[in-house]
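Respectively, the protein sequence lines represent chains A and B.
Heads up, the first sequence is in UniProt numbering, so the first residue is 1 and it goes up one at a time.
Heads up, the second sequence is in UniProt numbering, so the first residue is 1 and it goes up one at a time.
For each residue, glycine too, the CB sits at the ideal point set by N, CA and C.
Number of protein chains: 2
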Amino acid sequence: MSKNYSNKLSIVPLGGIGEIGKNMTAYAYGNDMIVVDAGLKFPDEEMLGIDIVIPDISYLTDNKQRLRGIFITHGHEDHIGGLPYVLKSLQVPVYATRLTLGLIEGKLREHGILDQSKLIPITNESEVTLGHFKVSCFRVNHSIPDSVGFAIDTPEGVVVQTGDFKFDQTPVDGIHADYAKMTALGERGVLALLSDSTNAERPGFTPSERSVGATIERVFQTAPGRVILATFASNIHRVQQVIRAAERNGRKVAIVGRSMVNNVSVAKDLGYLEVEPDTLIELEELSRFETHEVALLTTGSQGEPMSALTRMARATHRKVEIYSGDTVIIASSPIPGNEKSISRTIDLLQRIGADVIYQPGSGVHVSGHGSQEELKLMLNFIRPKYFVPVHGEFRMLRKHAELATATGVNQDHIFMLELGDVFEIQDGTPRVSGKVTAGAILIDGLGVGDVGNIVLRDRKLLSQDGILVVVLTMSKQTGQLLSGPDIISRGFVYVRESEELLDEANRVVAATLQRLMTDRVSDWSGLKMGVRDALTRFLYEQTRRRPMVLPIIMEV
Amino acid sequence: MSKNYSNKLSIVPLGGIGEIGKNMTAYAYGNDMIVVDAGLKFPDEEMLGIDIVIPDISYLTDNKQRLRGIFITHGHEDHIGGLPYVLKSLQVPVYATRLTLGLIEGKLREHGILDQSKLIPITNESEVTLGHFKVSCFRVNHSIPDSVGFAIDTPEGVVVQTGDFKFDQTPVDGIHADYAKMTALGERGVLALLSDSTNAERPGFTPSERSVGATIERVFQTAPGRVILATFASNIHRVQQVIRAAERNGRKVAIVGRSMVNNVSVAKDLGYLEVEPDTLIELEELSRFETHEVALLTTGSQGEPMSALTRMARATHRKVEIYSGDTVIIASSPIPGNEKSISRTIDLLQRIGADVIYQPGSGVHVSGHGSQEELKLMLNFIRPKYFVPVHGEFRMLRKHAELATATGVNQDHIFMLELGDVFEIQDGTPRVSGKVTAGAILIDGLGVGDVGNIVLRDRKLLSQDGILVVVLTMSKQTGQLLSGPDIISRGFVYVRESEELLDEANRVVAATLQRLMTDRVSDWSGLKMGVRDALTRFLYEQTRRRPMVLPIIMEV
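Written out as structure tokens, the structure is:
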């Protein structure tokens, strides 16, 4: 069983390359392997019916005897959301800062595997040695507190993985990125840098989260009635600013939406959120206050159908209604793909008479990811020999590579990897030495990976033109038709208005059967194929649609 | 049959209110009715399998004896795309400017109804009298030449409908909006203005289309290889600028994509596009030239799956490949909902090695719709007594209403209508007097309106978790099960990996049947319902999914 691995460093991205989300990177040296992050991503629009997507971890399970630990940079879904699935197949300790661990704990508890998991807190001062690896971390700024990057000391040299970061010069919690540690790493010499490319296409500097606070404060001062603010539940900095604005302007805050309630509670319990004792109230207490004395903090800033704000806008929320005179702040920018659902939510809120603050220029949102000047600053702090842009779609990675070149990284030292590429460094020489299994595992309900391309193709087909089921009962002895053809359709046409078409379809099937049986096509699969082809052709001619046709033969 | 309608003016929006697209407005006075525009819109993401959406024209067919004519403002799909369907149910003349009519002709020819249609050209100087209505038009700037707004003279006064417009101070074809006519209308006094709200949320002035030309020209000068430019096929101004840039820089132009070929040909034949005799070449001739001597003009700027550019990017275009060294210009901004498909196309092009110019700030696209300053200018030209914002989602209409108030329109004189609202003016007094049938007709293949909510709900269900068909053959005489239950699934799970689950499902159905038949549930529908409920429950417990379950009983 115990295999001996040669002494070279390999870095394998298992997620987050060529995509936004499901970040995961494996590092191996000799008989040791560690992993940074274990995220999920949300399904593309063609992944019909899929709930979430996680990285394919075949490579980790194949190497489980040398897997020593998983290090997590911060508590966002695209960095921790895959953990429950990973920990169900792999017994491996998880290292993260306190808030991140707090959020992970909630997740593992939901999945019923908290007790069997080994969670180890680290701080900015920790150093964790696991076989050939010595891992320390450094604070960065991001839209969630306690975010870190990792410096991974290996026999080949130090590799730095930034995690998601920006450089906020006026951070909400007053905690700055650890500039000294980053520059010290750069001074000592860094073998390779893997850095966040999310905003590589954006020029300049990302504004400080604190600038959002000023805007929120103004609204809290001037809004005549209630203020309802929707943002990402994990953006604890923003939650803090909302709470401060409320406290300074004599408003109570009610929290709405499961993930917002959970995150606020974890952050508060762990001391990452300062709240005066009587600021938070229950939804049920809202009616005890005047409208200008309250604010609601909620999820749904992306117009997600099941989220609290969307349900309020549609008047389907059990506890909260929107009234004319409310001021709604949508404190996020649309994640690509969500533009339309956000627009619909805004329209609904405005129709009710709410004042909605949402425009890009309104100052109620800033990104948590650094723009070009920050990415260059990171490159200049770390001054890596080799550079691998990560966390981004191809064009972002490419742009990041350009930025690296501009800061002086040798063009031949930049590696544009693909998922599963084995980036190897042996005796200082880098190369992409091969490819391991990597990709996406789709999760649908309780099913992990049981929905693949065939199922998705069928769902796509069904979603476009529906299905016609054709049932025939045939005699086992004589091969004669005993009953049918019966045609049942779903998602094809409104049956009551298309009786003629369906009657005609029935005649087409009957005629085809007649012909095939005269031609002595006696195997059932030949009959089915003949019926499917004839009916498909007929329906296309009549309707220019191609529903799925499913012939079923019952033998009696 | 001949009903007498009272003498009052009614204005009924049948499309384009609370939405972008399928613009259509009906005007009636006494026994006369006219319509402005007959557009389509593209389906929302929840309208699975739907090709296009047109306005419900029940109100027009109910009033066909008084319908005198349809006036079209310009040749874009959201203003002409519904015409073929309207003209199949209604014999009514269509009035439009020459280019617009040219584009309409192509459409009606495709639908095989050109011969039976009556198309009447109008110019900026025309005046068409139809019963109580006297209609004249005025030139506006838009992203297609020959765009006009209408001044509709009625016994109650003049109503102005702008159509889509911007004010371009340096138009590509040198043809300015007819400022004199608009201001003269304002001087004489206008009863009501219906104006385009698409960009009501954008501050400032929309840049001139000519500014795009300068950017394109620079790329044509400096690109080392081929230039491939994708834009909306109907944007003849932009096509003109591409052709000019090509001619000035010694490049030949090949046109790719059916709609681009059609539109260029119509515009060229009608004299709306100036092209030197040897500029255009066939795709087959491309190989005769050096790469820096050619350019391709194509569709697909929205990443539409079947469009030319998308197919080139995916290497599935029959005639054109993209090479490293090509420069691709995506000269459009994403229509909400298309962001992801455009991103994917850009990523694919960059992976091949093409240089892709697409950023919002890159100057390769400007809107065809006026921003806030232009909307206010229009309001100040026309100085209407009553104002109705049209062409836009609710928040755009509301913003436009605010702009109108700012220019001095009395707040009580602004009418925020909904589709089907009858906005009536009698003896100078306005009111919303009622509502007529209005809404969306869905077109799927050849089917017009045969896909409704039930079909869409089924498609949605099928798309999420697929379908399980359960077939039983029962004896007519004895009521006994002769064969089955057979379970066939599509789009649910990958069958080969879920045999156990499906076997167990089969046992659940068999046991349920047994129980129901012992309980003497002998009617088939009772059996079906029992089977459906039991199987649905079992599958949800096992998988947390809710596929459609379709029980079918065959009688022998």
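Item, Value
"Between the CA atoms of Met47 of chain B and Leu456 of chain B - distance to the nearest angstrom", "7 Å"
"Pair within 8 Å by beta-carbon distance, Thr73 of chain B and Asp164 of chain B", "yes"
"Proximity test, Cβ basis, 8 Å: Pro389 of chain A and chain B", "no"
"Ser89 of chain B, DSSP secondary structure in three states", "helix"
"Whole beta strand (DSSP E) elements within the segment 43-95 of chain B, 3-residue minimum", "52-55, 67-71"
"Below-8 Å beta-carbon distance, Glu45 of chain B vs any chain E residue", "The chain labelled as chain E is not found among the protein chains of the depicted structure, namely A and B."
"Residues near His413 of chain A by beta carbon distance below 7 Å, same chain, minus five either side", "Lys385, Tyr386, Phe387"
"Extent of the continuous beta strand (DSSP E) to which Gln426 of chain B belongs", "421-426"
"Leu446 of chain A, DSSP secondary structure in three states", "coil"
"Status (buried if at least 16 other CB within 10 Å, exposed otherwise) for Tyr179 of chain B", "exposed"
"Member of B:Gly225, B:Ala510, B:Tyr540, B:Val160 whose CA lies at the smallest distance from the CA of Gly484 of chain B", "B:Ala510"
"Identity of the residue in A:Thr162, A:Asp523, A:Thr123, A:Asp196 nearest Leu185 of chain A by Cα", "A:Thr162"
"Given 8 Å, three or more beta-carbon pairs between the segment 33-44 of chain B and the segment 61-81 of chain B", "yes"
"Beta carbon proximity, Leu550 of chain B to chain A, threshold 8 Å", "yes"
"Cβ neighbours of Phe289 of chain B in the same chain (closer than 7 Å, five flanking residues each side left out)", "Lys252"
"The segment 444-455 of chain A / the segment 515-534 of chain A touching (three or more Cβ pairs under 8 Å)", "no"
"8 Å Cβ cut-off: residues of chain A touching Phe492 of chain B", "Val455"
"Residue of A:Val356, A:Lys268, A:Met548, A:Leu397 minimising C-alpha distance to residue 561 of chain A", "In the structure as shown, chain A begins at 1 and stops at 556. Residue 561 of chain A is therefore absent and cannot be evaluated."
"DSSP three-state assignment for Tyr358 of chain B, whether helix, strand or coil", "coil"
"Chain B contact for Lys528 of chain A (CB, 8 Å cutoff)", "no"
"Proximity to Val212 of chain B [Cα-Cα], best of B:Phe381, B:Asn199, B:Ile50, B:His365", "B:His365"
"First and last residue of the uninterrupted alpha helix (DSSP H) at Ile352 of chain B", "339-352"
"Inside the segment 256-305 of chain A only - alpha helix (DSSP H) runs reaching at least 4 residues", "258-269"
"Three CB pairs or more closer than 8 Å across the segment 144-160 of chain B and the segment 106-119 of chain B", "no"
"Nearest-angstrom Cα separation, counted from Ser265 of chain B out to Phe538 of chain A", "35 Å"
"8 Å Cβ cutoff, Leu403 of chain A in contact with chain B", "no"
"Bridge-paired residues (DSSP) for Lys134 of chain B", "B:Thr129, B:Asp153"
"Buried versus exposed, by CB contacts within 10 Å (16 or more), Tyr358 of chain A", "buried"
"Val467 of chain B to Gly337 of chain A span [Cα, whole Å]", "Residue 467 of chain B is actually Ile in this sequence, not Val. Cα to Cα, Ile467 of chain B sits roughly 27 Å from Gly337 of chain A."
"Rounded distance between the beta-carbons of Thr405 of chain B and Asn380 of chain B, thought under 8 Å", "In fact, because the Cβ distance is near 13 Å, the residues do not count as touching under 8 Å."
"C-beta contact flag for Ala254 of chain A and Val227 of chain A at 8 Å", "no"
"Cβ-Cβ distance between Thr123 of chain B and Thr97 of chain B below 8 Å", "yes"
"Per-residue burial, Arg398 of chain B [other beta carbons within 10 Å of its own, 16 or more giving buried]", "buried"
"Residue from A:Pro224, A:Thr170, A:Tyr323, A:Gln426 with nearest C-alpha to Gly142 of chain A", "One detail in the question is off: residue 142 of chain A reads as His in this sequence, not Gly. Minimum Cα distance to His142 of chain A is reached at A:Thr170."
"Where the beta strand (DSSP E) containing Met33 of chain B begins and where it ends", "32-36"
"Lys319 of chain B to Ser287 of chain B span [Cα, whole Å]", "11 Å"
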